[in-house]
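Remarks on the structure that follows.
Numbering (the working numbering), first residue to last: 1 to 311.
Okay, here's the thing in structure tokens:
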């Protein structure tokens, strides 16, 4: 009987996911790798009763081997492309709907060369995308200054002047047969999209980094994007932040600030990034110098014929 386990350090998230993961498997009687979907064609595997299960079951052949490909989370519409090892992936426009795409493979598998208990195929899943998060804080502690800072918007776009211009890839193709350190995991990247990362009102009142939701682990606004190098020509990314400053002493006055920064980061596959945003740069004063009087200008009175006393 063929079943599946993962070999990741932390698999609780995958176990708890209702979708599970999908498996492609191709049987070959001769030597040599040959990926495809001849035996397993996007087979859904889920975690139930302390085990990874699927149905209907398939069984080990006595001759030949099987090359497996896997991805998560499972999607019933996923198919292998003509290469027999690649799948297409589209980044969801709505951040809350984005997927943390994982992939794995296990090649040349037979019932005799598997050493794990129960002859289970081991999958070591890797993160296929780049993950972006953010935090926000004040430049200093201004709680006693009768002022309030309110975060309004965070946008990631391809222009500092046009927040509707796209920056991130919308789609691409991933090769499930590749290893985590291999080149060419992603190909056929296309499209450009922007993200309205935050919109609302969040009171920023500390020089300690925080997030509107408070609990980072439960936040739903991590960005999962196809790896992309924004130091290269043709790839442009700006983070644009809008916030207000409200003075509460005397006549209340609110000033709206919009700031931006061009990012030239190479967002790599399997890497997590945190954009730490600091707002509220105070107007401060300093004294460079107090100009001296210079040399006294002499005014001679009564001591010479040109400027005598009048009486």
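Using N, Cα and C, we set each Cβ at its ideal position, and we do this for glycine too.
Assigned with DSSP and collapsed to three states, residue 283 falls in coil, not helix or strand.
Taking the CA atoms as reference points, residue 165 sits about 14 Å from residue 262.
Scanning 113, 126, 226 for the CA closest to the CA of residue 72 turns up 126. Per DSSP, residue 296 has no beta-bridge partner at all. Per the coordinates, the alpha-carbon of residue 102 lies some 28 Å from the alpha-carbon of residue 210. Here residue 31 has no same chain residue with a Cβ atom under 7 Å from its own Cβ, once five neighbours each way along the sequence are excluded. Less than 8 Å separates the beta-carbon of residue 22 from that of residue 70.
Residue 149 and residue 90 have their C-alpha atoms some 37 Å from each other.
Pairing residue 195 with residue 283 gives a Cβ-Cβ distance that is not under 8 Å.
Just measuring C-alpha positions, the residue of 52, 237, 300, 39 sitting nearest residue 155 is 237. In this structure, the beta-carbon distance from residue 67 to residue 108 falls below 8 Å.
Residue 275 sits close to residue 134, with the two beta carbons spaced by under 8 Å. In the displayed model, residue 129 falls within coil according to three-state DSSP, outside both helix and strand. In the DSSP assignment, residue 12 falls within the alpha helix (DSSP H) that extends over 12 to 16. Residue 300 counts as exposed, since fewer than 16 other beta carbons sit within 10 angstroms of its beta carbon. Counting along the chain, residue 157 sits inside the beta strand (DSSP E) bounded by residues 147 to 157.
Cα atoms of residue 139 and residue 162: separation of roughly 27 Å, rounded to the nearest angstrom. Between residue 41 and residue 77, the alpha-carbon positions lie close to 11 Å from each other.
The shortest CA-to-CA distance from residue 243 to any of 223, 230, 201 is the one to 201. Per the DSSP secondary-structure output, residue 275 pairs in a beta bridge with 134. Linking residue 193 to residue 85 through their CA atoms gives a straight-line distance of about 27 Å.
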